[in-house]
Amino acid sequence: FRGSKGRPRQDGGPLGAQLLGRRLGAPIGTQRVLGGDGDVPILTTEDNIVSQPAKILNFLRKQKYNADYELSARQGADTLAYIALLEEKLLPAVLHTFWVENDNYFTVTKPWFASRIPFPLSLILPGRMSKGALNRILLTRGEPPLYHLQEVEAQIYRDAKECLNLLSHRLGTSQFFFGDMPSTLDAYVFGFLAPLYKVRFPKVQLQEHLKQLSNLCRFCDDILNSYFRHSLGDG
Amino acid sequence: MLLLKPLCLRTSAEPWPENATLYQQLKGEQILLSDNAASLAVQAFLQMCNLPIKVVCRANAEYMSPSGKVPFIHVGNQVVSELGPIVQFVKAKGHSLSDGLDEVQKAEMKAYMELVNNMLLTAELYLQWCDEATVGEITHARYGSPYPWPLNHILAYQKQWEVRRKMKAIGWGKKTLDQVLEDVDQCCQALSQRLGTQPYFFNKQPTELDALVFGHLYTILTTQLTSDELSEKVKNYSNLLAFCRRIEQHYFEDRGKGSSSIRLS
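Protein chains in written order, with full-length UniProt numbering: chain A, 1 to 235; chain B, 1 to 265.
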């Protein structure tokens with residue numbers, strides 16, 4: 001995946017993983033999407049193929065590319081906790097915005113995604129990911145007393161807005177979450193927020209909320225300008 | 001939605017009654033690890049708020065609950081289930097453990113609570129319902145124990161199917177037991193690092209986070225499973241053991257509540 005604009009993603013990490021890679025100086029070029037089992041993003045090196053953001057981050061760490069050396073044990077623990085918060089509270093609404101909300105999915109996500117993967121996968125994969133997203137949302141959040149999809153949707157967007165508020169409180173006026181240098185947590189948060197911030201959607205409620213949190217927007221802009229300057233042209 | 005509206009209108013006026021009750025499954029024969037942890041977390045939270053609660057065990061507690069999850073509390077004429085909503089409910093009545101925290105601390109507290117739900121609770125569910133040894137030897141028998149044949153088998157298989165479907169949706173379906181135990185270790189390490197040498201997670205006063213962590217860790221340490229691997233992961237961290245002992249002594253033994261009669265070894 002390249003660049004920043006118009007990039008849907010399945011869960012928190014591909015953009016974050018790429019950011020982390022670049023920050024750490026790992027030579028990361030364009031990653032080819034193989035789409036074997038539908039898992040994106042995929043990092044390819046000479047001998048390895050790694051998918052899923054958390055595994056990519058672990059892989060980079062084992063190859064001695066680590067953004068967290070300067071973090072204390074306590075900050076490392078905080079990282080894990082905030083990542084859990086993002087996955088539980090923000091991810092369902094982001095999945096919904098990209099993959100389930102019909103206007104967004106059919107006008108933005110599906111065409112973009114299908115244009116980046118080879119035929120015949122372009123016919124199959126987007127639909128599968130959309131169904132997977134809806135399935136995940138309903139199975140994890142669609143429990144009594146929320147019986148209708150609209151009620152589930154209302155709840156997940158409420159949770160996501162609260163999560164964005166919490167992130168904004170936590171970031172405050174700092175440049176990054178742990179001081180002056182970006183860490184794994186910054187990469188994760190950026191991976192979630194940047195597409196949400198920049199992609200032009202028809203249905204934009206979560207994006208509108210994010211734009212009101214000026215420190216989070218500043219956070220995204222700073223990282224885009226520092227680390228993705230060269231790719232903006234490709235985006 | 002119907003259940004939530006009356007809550008907002010009427011709760012703030014009435015004080016906490018003496019006859020508030022908490023419902024869970026049968027302690028000895030039926031309740032499973034994850035539900036026991038959830039129930040203990042709520043009991044600890046209410047103890048920390050100094051709110052009296054009576055624990056009642058019913059075989060059909062899961063079906064009585066408005067959300068299908070245990071525990072649930074019956075206070076006055078309201079029924080509220082699960083720790084999150086119960087904390088909100090108690091707050092509406094004027095009791096809170098986290099009012100003294102600033103916004104950044106509150107964000108941190110919520111993040112760590114999600115960590116416990118995301119990793120510890122999911123690992124408990126995995127162990128109970130996806131690990132063949134545990135399912136065969138413990139879970140099926142316990143889950144169906146109050147019901148006659150063939151209902152006991154049908155209900156147990158149905159629940160197992162539901163849990164496995166959810167595990168698959170969140171990406172835990174392909175995990176091995178070792179990977180799950182590794183996750184538990186990572187979670188305990190994070191909790192241990194965050195706790196440090198403090199008595200509670202936010203220094204001197206316990207919050208709902210302490211109640212939640214205690215509920216899960218204590219249950220893991222004191223529940224007999226097919227092997228000790230899970231409890232060994234927690235035992236590696238001495239400050240977590242001390243934390244559990246401290247809460248047990250202060251909030252359960254000292255008040256004469258014998259709800260956890262098994263001692264920490």
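For glycine and all other residues, C-beta sits at the position ideal for the given N, C-alpha and C.
Please read these numbers as outputs of a predicted model, since none were measured by experiment.
Would you check if the distance between the CB atom of Ser81 (chain B) and the CB atom of Ser67 (chain B) is smaller than 8 Å?
The sequence position of residue 81 (chain B) within the second sequence is 81, counting from 1. The sequence position of residue 67 (chain B) within the second sequence is 67, counting from 1. In this structure, Ser67 (chain B) lies closer than 8 Å to Ser81 (chain B) by Cβ.
Do Asp183 (chain B) and Met113 (chain B) have their beta-carbon atoms positioned less than 8 Å apart in this structure?
Here the question's residue 113 (chain B) lines up with position 113 in the second sequence. Here the question's residue 183 (chain B) lines up with position 183 in the second sequence. No, Cβ-Cβ distance for Met113 (chain B) and Asp183 (chain B) is not below 8 Å.
For Gln24 (chain B), tell me which candidate among B:Val90, B:Gln249, B:Cys57, B:Leu221 has the shortest Cα-Cα distance.
Working through the second sequence from its first residue, we reach residue 24 (chain B) at position 24. Checking every option, the nearest Cα to that of Gln24 (chain B) belongs to B:Cys57.
Does Gln30 (chain B) come out as helix, strand or coil in the three-state DSSP assignment?
Translated into the one-based positions of the second sequence, residue 30 (chain B) becomes position 30. Here Gln30 (chain B) sits in coil by DSSP.
On the criterion of 16 or more Cβ atoms from any shown chain inside 10 Å, does Lys233 (chain B) qualify as buried, or is it exposed?
The residue labelled residue 233 (chain B) in the question sits at position 233 within the second sequence. Buried.
To the nearest angstrom, report how far apart Leu90 (chain A) and Ala20 (chain B) are at their CA atoms.
For the purposes of this step, residue 90 (chain A) is identified with residue 90 of the first sequence, where counting begins at 1. For the purposes of this step, residue 20 (chain B) is identified with residue 20 of the second sequence, where counting begins at 1. In a straight line, the C-alpha of Leu90 (chain A) is about 35 Å away from that of Ala20 (chain B).
Pick helix, strand or coil for Ile117 (chain A), following the three-state DSSP scheme.
Locating residue 117 (chain A) in the first sequence gives position 117, counting from the first residue. Of the three classes helix, strand and coil, the one that applies to Ile117 (chain A) here is coil, per DSSP.
Where Ala38 (chain B) falls, given that 16 or more other Cβ within 10 Å makes a residue buried
By 1-based counting over the second sequence, the position of residue 38 (chain B) is 38. Per the 10 Å Cβ criterion, buried.
Give the residues of chain B in contact with Phe82 (chain A), contact being defined as C-beta atoms less than 7 Å apart.
Taking the first residue of the first sequence as 1, we reach residue 82 (chain A) at position 82. The amino acid at residue 82 (chain A) is misidentified as Phe; the sequence shows Tyr. What Tyr82 (chain A) touches in chain B: Ala111.
Could you tell me which of B:Thr139, B:Leu121, B:Lys168 sits nearest to Leu155 (chain B), measuring between CA atoms?
What you label residue 155 (chain B) is simply residue 155 of the second sequence in a count that begins at 1. Nearest of B:Thr139, B:Leu121, B:Lys168 to Leu155 (chain B), Cα basis: B:Thr139.
Cα-Cα separation, Glu108 (chain B) to Gly144 (chain B)
For this step, residue 108 (chain B) is matched to residue 108 along the second sequence. For this step, residue 144 (chain B) is matched to residue 144 along the second sequence. About 39 Å.
Which residues of the stretch 123-135 of chain B have a Cβ closer than 8 Å to any Cβ of chain A? Give them in chain order.
none
Chain-order list of residues whose beta-carbon lies under 8 Å from that of Ile137 (chain A) (same chain, five-residue window excluded):
For this step, residue 137 (chain A) is matched to residue 137 along the first sequence. These residues qualify, in order along the chain: Pro92, Leu95, His96, Val100, Val152, Ile156.
Less than 6 Å between C-beta atoms, sequence neighbours within five positions excluded: which residues of the same chain meet that for Gln160 (chain B)?
Locating residue 160 (chain B) in the second sequence gives position 160, where the first residue counts as 1. The residues are Trp129.
Tell me whether the stretch 156-165 of chain A and the stretch 190-200 of chain B touch, counting them as touching only if at least three CB pairs, one residue from each stretch, are closer than 8 Å.
no
Counted within 10 angstroms of its Cβ, other Cβ atoms place Asp210 (chain B) as buried (16 or more) or exposed
If you number the second sequence from 1, residue 210 (chain B) lands on position 210. Classification of Asp210 (chain B): buried, given that the 10 Å Cβ count is 16 or more.
Please list the terminal residues of the continuous beta strand (DSSP E) segment that includes Ile73 (chain B).
Looking up residue 73 (chain B) in the second sequence gives position 73. 72-75 is the span of the beta strand (DSSP E), which, as asked, contains Ile73 (chain B).
Return helix, strand or coil for Gly36 (chain A), following the three-state DSSP convention.
Working through the first sequence from its first residue, we reach residue 36 (chain A) at position 36. Caution is warranted here: a pLDDT of 33 is assigned to Gly36 (chain A), below 50, making its placement in the model unreliable, and no coordinate value can be reported.
In terms of alpha-carbon separation, which member of B:Glu18, B:Leu26, B:Tyr200 lies closest to Tyr147 (chain B)?
Here residue 147 (chain B) corresponds to residue number 147 of the second sequence, with the count starting at 1. Ranking B:Glu18, B:Leu26, B:Tyr200 by Cα distance to Tyr147 (chain B) puts B:Leu26 first.
Using a Cβ-Cβ cutoff of less than 7 Å, which residues in the same chain neighbour Val213 (chain B) once the five nearest sequence positions on both sides are dropped?
For the purposes of this step, residue 213 (chain B) is taken as the residue at position 213 of the second sequence. Closer than 7 Å at the Cβ level, and outside the excluded window around Val213 (chain B), lie Val116, Leu191.
What is the rounded straight-line gap between the Cα of Asp103 (chain A) and the Cα of Tyr126 (chain B)?
Numbered from its first residue, the first sequence carries residue 103 (chain A) at position 103. Numbered from its first residue, the second sequence carries residue 126 (chain B) at position 126. Going by the C-alpha atoms only, they are around 36 Å apart.
Per-residue contacts from Ile86 (chain B) into chain A (C-beta, under 7 Å):
Within the second sequence, residue 86 (chain B) is the residue found at index 86, counting from 1. Result: empty, since nearest Cβ-Cβ is about 15 Å, beyond 7 Å.
Assign Ala123 (chain B) to one of two classes, buried (16 or more other C-beta atoms within 10 Å of its C-beta) or exposed (fewer than that).
As a working note, residue 123 (chain B) is residue 123 in the second sequence. Buried: at least 16 other Cβ atoms inside 10 Å.
Give a yes or no on whether the minimum CB-CB distance between Gly179 (chain A) and chain B is below 8 Å.
Indexing the first sequence from 1 puts residue 179 (chain A) at position 179. So no, Gly179 (chain A) is outside the interface.
Using a Cβ-Cβ cut-off of 6 Å (strictly less than) and excluding sequence neighbours within five positions of Pro27 (chain A), which residues of its own chain qualify?
As a working note, residue 27 (chain A) is residue 27 in the first sequence. Only weak support exists for where Pro27 (chain A) lies, its pLDDT of 43 falling under 50; the coordinates are left without a value.
Starting from Ser81 (chain B), follow the alpha helix (DSSP H) in both directions and report where the run begins and ends.
For the purposes of this step, residue 81 (chain B) is identified with residue 81 of the second sequence, where counting begins at 1. Note, Ser81 (chain B): premise wrong, no alpha helix (DSSP H); beta strand (DSSP E) at 78-81.
For Leu164 (chain A), which three-state DSSP category applies?
One-based indexing of the first sequence puts residue 164 (chain A) at position 164. In this structure, Leu164 (chain A) counts as helix in the three-state DSSP scheme.
Using only CA atoms, which one of A:Thr140, A:Arg170, A:Leu80 lies nearest to Asp102 (chain B)?
The count along the second sequence starts at 1 and reaches residue 102 (chain B) at position 102. Cα-wise, what sits closest to Asp102 (chain B) is A:Arg170.
Grab me the residues of Phe219 (chain A)'s own chain with a C-beta within less than 7 Å of its C-beta, minus the 5 sequence neighbours each way, in chain order.
Here residue 219 (chain A) refers to the residue found at position 219 of the first sequence. Around Phe219 (chain A): Leu171.
Using a threshold of 8 Å, state whether the C-beta atoms of Leu167 (chain A) and Leu216 (chain A) are closer than that.
Numbered from its first residue, the first sequence carries residue 167 (chain A) at position 167. Numbered from its first residue, the first sequence carries residue 216 (chain A) at position 216. Yes. Within cutoff.
Can you tell which of A:Tyr188, A:Arg200, A:Ser226 has the C-alpha that lies nearest to the C-alpha of Trp112 (chain A)?
Numbered from 1 along the first sequence, position 112 holds the residue referred to as residue 112 (chain A). For the residues A:Tyr188, A:Arg200, A:Ser226, the minimum Cα distance to Trp112 (chain A) belongs to A:Arg200.
Which residues in chain A have a C-beta closer than 8 Å to the C-beta of Glu108 (chain B)? List them in chain order.
Taking the second sequence and counting its residues from 1, one reaches residue 108 (chain B) at position 108. What Glu108 (chain B) touches in chain A: Asp78, Ala81, Arg170.
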